[in-house]
Amino acid sequence: MSKKLKWKSIRILIAYFLVTALLALTFISTSIITTKNINIKYLPGIEDDFFNGFIVNGLDISDKTILTSKYLLFPFGGKIFASGHNAMWSLITILGIVIYLPLVACRFSPRTLGRKMFSIGGLIALIIIIFLLVGLSFPLDISIFKKVFDEQIYGYFGRDFFNTPELENQLAILRESIFQNFGYSKYIGVNIAAIIISILSFISILVCLLEDYLDIKKSKNVNILNLQLDNSDNKNQQLLQNSNNQQLDLSFKINKAHLSESQINSLRKYFLIIFILTTILSVLIFSFYISITIETLHFVKIPNVNSDYFNGFINENGENYNDIRFEQWLLITSYGGLSNLNEELMISITYFPISAWVLIAAFEFGKSQKMKFTGQTFFWYSIILLIIMVNIIIQFSFFLNPKIYEIQFRKNLFFYFEQNYLIKTVGQDTLDFQIRQSALGLKSLYAGKYNPVAITALVLSSLIVILTFYSLCKSNLSFIRKNN
Numbered sequence: 001m002s003k004k005l006k007w008k009s010i011r012i013l014i015a016y017f018l019v020t021a022l023l024a025l026t027f028i029s030t031s032i033i034t035t036k037n038i039n040i041k042y043l044p045g046i047e048d049d050f051f052n053g054f055i056v057n058g059l060d061i062s063d064k065t066i067l068t069s070k071y072l073l074f075p076f077g078g079k080i081f082a083s084g085h086n087a088m089w090s091l092i093t094i095l096g097i098v099i100y101l102p103l104v105a106c107r108f109s110p111r112t113l114g115r116k117m118f119s120i121g122g123l124i125a126l127i128i129i130i131f132l133l134v135g136l137s138f139p140l141d142i143s144i145f146k147k148v149f150d151e152q153i154y155g156y157f158g159r160d161f162f163n164t165p166e167l168e169n170q171l172a173i174l175r176e177s178i179f180q181n182f183g184y185s186k187y188i189g190v191n192i193a194a195i196i197i198s199i200l201s202f203i204s205i206l207v208c209l210l211e212d213y214l215d216i217k218k219s220k221n222v223n224i225l226n227l228q229l230d231n232s233d234n235k236n237q238q239l240l241q242n243s244n245n246q247q248l249d250l251s252f253k254i255n256k257a258h259l260s261e262s263q264i265n266s267l268r269k270y271f272l273i274i275f276i277l278t279t280i281l282s283v284l285i286f287s288f289y290i291s292i293t294i295e296t297l298h299f300v301k302i303p304n305v306n307s308d309y310f311n312g313f314i315n316e317n318g319e320n321y322n323d324i325r326f327e328q329w330l331l332i333t334s335y336g337g338l339s340n341l342n343e344e345l346m347i348s349i350t351y352f353p354i355s356a357w358v359l360i361a362a363f364e365f366g367k368s369q370k371m372k373f374t375g376q377t378f379f380w381y382s383i384i385l386l387i388i389m390v391n392i393i394i395q396f397s398f399f400l401n402p403k404i405y406e407i408q409f410r411k412n413l414f415f416y417f418e419q420n421y422l423i424k425t426v427g428q429d430t431l432d433f434q435i436r437q438s439a440l441g442l443k444s445l446y447a448g449k450y451n452p453v454a455i456t457a458l459v460l461s462s463l464i465v466i467l468t469f470y471s472l473c474k475s476n477l478s479f480i481r482k483n484n
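Reminder that position 335 of the sequence shown reads as 335 in full-length UniProt numbering, one-by-one numbering, no gaps.
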């Protein structure tokens, strides 16, 4: 492979890496935005007698006043676009298809799907990224954020409902509660990161397309020059070209069916190193999962938690909950701290696939010793492993977030106690203080014990990702060179 072609392959790989990161960030951002729903009457600071007791035109609407953040997606002019979240999910899906379909197709039929399919996919991806940039930018505009929720409030009560100073004051309290509980600041970090990656992805794809266009143009100019040769020279050149094409076709078929011995040895070495590291990581993660889930910890046993905390553990129905347990496994399903994603599902897709990959790869490595291991097999194993590793890196990164203990303690607490009830009986400031103290107690129990494990897992995961990307670049992107 020439130096120019090598750098071209690296630029293509970078483009794919950036788009993969973009898909992951937009998925997280959209999940956060579309899964948050709260009834107005349960928001902190909202009393039962607010808004005339939720009576509108003689009807009690207290059970219907659900506010959702999903309308923050594509709210043009602050108006509600009911299908905005569907549009965002569709864009994410289409982007994944147009980016990865040409890559996947060329693994099976590279002679029929070549440069043209990559170019068309790249052009479509540029258009989709522009729309994603627009969708990601809307939640960052605080005025649009407020307008979207105002539209929902007016949809329930009507614009003329707040016609007295008392109702206007209650509306102001509601707006402030929405701003705090729907977490405007929560969207900023993920969305800004996604916007930056979107811009880098756009530039990277554009550079690849322009470079390819210039190569095609240069190739056409060379062909025009060749047409000016004498007929005799043309015939001789045609004979030579036909001979070269036959050799190239034969070489291509041989390379497609079987890897050379040196390529097999190289793949085997990379696969063995990646397999060993992944096995170590799998054992570490499984041990971590077992250790943190089998422990039993009652709320009253958490350091810093007093027996009179949280209204003496008496819930809104007068039931005594002083024997309730803190679910430690919430700490290792960190996506749950960002949204209402199912925790059991997050455990399944984070801590089990890596063990399955190791078991299946063990059999595949045995095949590689018999010279049956192909570049295509390595490609698919690498792609699946990268997806698993990205999820693990995200999960453990959130686990190391100092706020994770407070986030998940709140989630656990409000599963047993109605949030608005505790605020009314204990007081917002007192409740926040008790939660912070409880979170500090949890941190004192788990941080020193599990943070080193999480850091080790992150280091191993990052090393596996780097080695896998490098091996893909070295051994599994040759089909791009062949197609070009």
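Yeah, the Cβ is synthetic: ideal placement off N, Cα and C, and Gly gets one too.
- Residues of the same chain with a CB within less than 8 Å of the CB of Leu297, apart from the 5 flanking positions on each side, are Arg325, Phe326, Gln328, Leu445 in chain order.
- Comparing alpha carbon positions, the residue from Asn163, Lys301, Trp357 closest to Ser382 is Trp357.
- Inclusion of Leu133 and Ser204 in the CB contact set at 9 Å is not warranted, their separation being larger than that value.
- The residue among Gly158, Ser83, Trp380 with its C-alpha nearest the C-alpha of Leu73 is Ser83.
- Cβ neighbours of Ala457 within its own chain (closer than 8 Å, five residues either side excluded): Leu281, Leu284, Ile285, Phe288, Ile392, Phe396.
- Sixteen is the threshold: since fewer than 16 other Cβ atoms of the shown chains lie within 10 Å of the Cβ of Phe363, the residue is exposed.
- If you draw a 10 Å sphere on the C-beta of Ser438, you find 16 or more other C-beta atoms in it, and that means buried.
- Within its own chain, the residues whose Cβ lies closer than 6 Å to the Cβ of Tyr321, once the five positions on either side in sequence are excluded, are Phe313, Asn315, Tyr416, listed in chain order.
- It is roughly 21 Å from the alpha-carbon of Ile80 to the alpha-carbon of Asp63.
- Per DSSP, Asn311 is one residue of the alpha helix (DSSP H) stretching across 309-313.
- A distance below 9 Å separates the beta carbons of Thr34 and His85.
- Of the residues assessed, Thr65 falls on the buried side of the cut-off, its CB having 16 or more other CB atoms within 10 angstroms.
- Following the DSSP letters along the chain, one finds Leu422 inside the alpha helix (DSSP H) bounded by residues 419-426.
- Secondary structure note for Ile153: its alpha helix (DSSP H) is the uninterrupted segment 142-157.
- Note: Thr68 is bridge-paired with Asn37 in the DSSP secondary-structure output.
- Nearest neighbour of Gly318 by Cα position, chosen from Phe271, Thr425, Val300, Ser355, turns out to be Thr425.
- Cβ-Cβ distances below 7 Å link Asn304 to Gln437, Ser438, Leu440, Gly441 in the same chain, with the five nearest sequence neighbours on each side left out; the list follows chain order.
- Remark: C-beta atoms of Pro44 and Asn163 do not approach each other more closely than 9 Å.
- Bridge partners of Asn320 according to DSSP: Ile314.
- In the DSSP assignment, the residues bridged to Val56 are Leu59.
- For Arg325, the beta-bridge partners assigned by DSSP are His298.
- Counting every other CB atom within 10 Å of its CB across the protein chains shown gives Leu5 a total below 16, marking it as exposed.
- Short of 6 Å from the beta carbon of Val465, and not among the five residues preceding or following it, lie these beta carbons of its own chain, in chain order: Met389.
- Three or more Cβ pairs drawn from the segment 83-103 and the segment 117-126 lie within less than 8 Å of each other, which places the two stretches in contact.
- Take the alpha-carbon of Pro402 and the one of Lys3: they are about 46 Å apart.
- For Ile173, the enclosing alpha helix (DSSP H) starts and ends at 165-181.
- In this structure, Ile94 places its C-beta atom within 9 Å of the C-beta atom of Ile128.
- Per DSSP, reduced to three states, the secondary structure at Phe433 is helical.
- The Cβ atoms of Phe399 and Ala454 lie closer than 9 Å to each other.
- Nearest to Ala193 by C-alpha distance, out of Trp89, Leu23, Ile38, Ile276, is Leu23.
- Non-local beta-carbon contacts of Leu91 in its own chain, meaning distances under 6 Å to residues more than five positions away in sequence, involve Ile128, Phe131, Leu132 in chain order.
- Per DSSP, reduced to three states, the secondary structure at Phe161 is coil, with no helix or strand assignment.
- Excluding the 5 residues flanking it on each side, Ile292 has same chain C-beta neighbours closer than 8 Å at Gln328, Trp329, Leu331, Ile332, Tyr446, Tyr450, in chain order.
- Contact annotation: Ile273 and Leu431 have beta-carbon atoms that are not nearer than 9 Å.
- For Thr279, the closest C-alpha among the options Gln434, Pro353, Glu295 is that of Pro353.
- Between Asp150 and Arg175, the gap from beta carbon to beta carbon is short of 9 Å.
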